[in-house]
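S.K.: Counting from 1, position 11 in the sequence shown corresponds to residue 11 in full-length UniProt numbering; the numbering is continuous, with no gaps.
Even for Gly, the Cβ is constructed at its ideal location relative to N, Cα and C.
These numbers were taken from a predicted model, which means no experiment stands behind them.
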Amino acid sequence: MIPETQTQQTEPASFVDLLERLEDLACGLRTGELEDRLSRLPDTVAEAHRLKRKLVDHAVELREAIACLRGNARPASSG
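#1: For LEU19, which residues of its own chain have a beta-carbon under 6 Å away from its beta-carbon, when the five flanking residues on both sides are left out?
#2: Work out the CA separation of LEU22 and LYS52 for me, nearest whole Å.
#3: For the alpha helix (DSSP H) containing THR44, list its first residue and its last residue.
#4: If we ignore side chains and look at the alpha-carbon of each, how far apart do ILE66 and GLU47 end up?
#5: In this structure, how does DSSP classify ALA13 when only helix, strand and coil are distinguished?
Dropping the structure here:
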């Protein structure tokens, strides 16, 4: 089993990179030999779950930033 610190170093950092990596994992599950796909399935699912958690964290940060911007924005009709 690979230590968590090793896998985190190679994972993409940006939101778009995370989405692209998830797409790569899904593509890998749809293509290739069945035996190969089945042998990699536990690792693929584990990586997909890690990526999902990171995507959720990014989404929360984005929502908080948008809420902050909306809270600080002045209505265009005022003044």
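M.R.: Based on what the coordinates show:
#1: Taking the first residue of the sequence shown as position 1, residue 19 is located at position 19. No residues qualify anywhere along the chain.
#2: Counting from one through the sequence shown, the residue named residue 52 turns up at place 52. Counting from one through the sequence shown, the residue named residue 22 turns up at place 22. Put simply, the backbone Cα of LYS52 is about 8 Å away from that of LEU22.
#3: In the sequence shown, the residue the question calls residue 44 occupies position 44. Counting along the chain, the alpha helix (DSSP H) containing THR44 begins and ends at 34-72.
#4: Here the question's residue 66 lines up with position 66 in the sequence shown. Here the question's residue 47 lines up with position 47 in the sequence shown. Cα to Cα, the separation comes out at about 29 Å.
#5: As a position in the sequence shown, residue 13 is number 13, starting the count at 1. ALA13 carries a coil assignment under DSSP once its states are collapsed to helix, strand and coil.
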